[in-house]
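Its first residue numbered 12, the sequence shown is counted upward by one per residue in the numbering used here.
Beta carbons: idealized from backbone N, C-alpha and C, even for Gly.
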Amino acid sequence: MTSYNGKATLLAEDGRKFDAVAALTKDQSGDWRGTLTFHDTTLVRALINITDGHVLVDGSPGEFVRPNTSDWTANTAGPFTMHILGSGPAPF
Numbered sequence: 012m013t014s015y016n017g018k019a020t021l022l023a024e025d026g027r028k029f030d031a032v033a034a035l036t037k038d039q040s041g042d043w044r045g046t047l048t049f050h051d052t053t054l055v056r057a058l059i060n061i062t063d064g065h066v067l068v069d070g071s072p073g074e075f076v077r078p079n080t081s082d083w084t085a086n087t088a089g090p091f092t093m094h095i096l097g098s099g100p101a102p103f
């Protein structure tokens, strides 16, 4: 599979879990990247400074880094979206 669009869970370093919608792609070399979108805008304060973590797709974990914490988009109506880069095997 070279892409995944659907439900995912962000697992933060401190053990908290956040429901998300993932749009992820993988290239021929196996590198993967994409976005995680959170529709609960009350999570912005908890998520805004996350620089790495794990994303779970159907129970499979994938480690990621978030190279630019200023790339997020959010407004009072939502959603909050962050860009991530995989730092290990893809979870899909």
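What residues in its chain sit with their C-beta under 7 Å from that of LEU96, if we drop five residues either side in the sequence? Start at 1 with the first residue of the sequence shown, and residue 96 comes out as number 85. The residues are ARG44, PHE75, VAL76, PRO78.
Measuring only the C-alpha atoms, how far is LYS51 from ALA31? Counting from one through the sequence shown, the residue named residue 51 turns up at place 40. Counting from one through the sequence shown, the residue named residue 31 turns up at place 20. It should be noted that the sequence gives Asp, not Lys, for residue 51. Their Cα atoms are separated by approximately 9 Å.
Nearest to ASP25 by alpha carbon, out of ASP63, VAL68, ASP82, PHE91? Along the sequence shown, read from residue 1 onward, the residue named residue 25 stands at position 14. Among ASP63, VAL68, ASP82, PHE91, the Cα nearest to that of ASP25 is on ASP63.
Based on DSSP bridge pairs, tell me the residues matched to ILE95. For this step, residue 95 is matched to residue 84 along the sequence shown. According to DSSP, ILE95 bridges with GLY45.
Which residues bound the beta strand (DSSP E) around ALA34? Within the sequence shown, residue 34 is the residue found at index 23, counting from 1. Segment 28-37, the beta strand (DSSP E) holding ALA34.
Identify every residue that forms a DSSP beta bridge with THR53. Position 42 of the sequence shown holds residue 53. Paired residue(s): none; THR53 is not in a bridge.
Test item: CB-CB of ALA34 and ILE61 under 8 Å: Residue 34 sits at position 23 when you count from the first residue of the sequence shown. Residue 61 sits at position 50 when you count from the first residue of the sequence shown. No, the pair does not count as a contact, with Cβ atoms beyond the cut-off.
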